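Oh and the sequence shown: position 44 is 52 in my numbering, straight run, nothing missing.
The beta carbon of each residue, even a glycine, is placed where N, CA and C say it ideally should be.
Since this is a predicted model, take the numbers as computed values, not measurements.
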Amino acid sequence: MEIFYSSKDLENRYDGPLPLDAACPVDSNLSWKQQCANRQDWALKEVRRIDEEINTLEKDDFLEDT
């Protein structure tokens, strides 16, 4: 799957120095393309985790009702 970036994405990217008190992502030293791929991967993992949690809660509710 190939990711396409709009020029807006690149315009909105901050390439300046990080402030001293800024939270720095672990992949900040990687390329912009790799950072975006990482964010997409992390987002998909989070969606799967939330989906599993919802399924577990629904299963627990079903077991309590029976």
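So, Asp49 versus Gln42, is the Cβ gap smaller than 8 angstroms?
-> Residue 49 sits at position 41 when you count from the first residue of the sequence shown. Residue 42 sits at position 34 when you count from the first residue of the sequence shown. It is not a contact, given that the beta carbons lie outside the stated cut-off.
For Glu72 and Ala45, the rounded distance between their alpha carbons | Indexing the sequence shown from 1 puts residue 45 at position 37. Indexing the sequence shown from 1 puts residue 72 at position 64. Approximately 41 angstroms, taken between the alpha carbons.
Three-state secondary structure (DSSP) of Val34 | In the sequence shown, residue 34 corresponds to position 26, counting from 1. Note: Val34 maps to coil in three-state DSSP.
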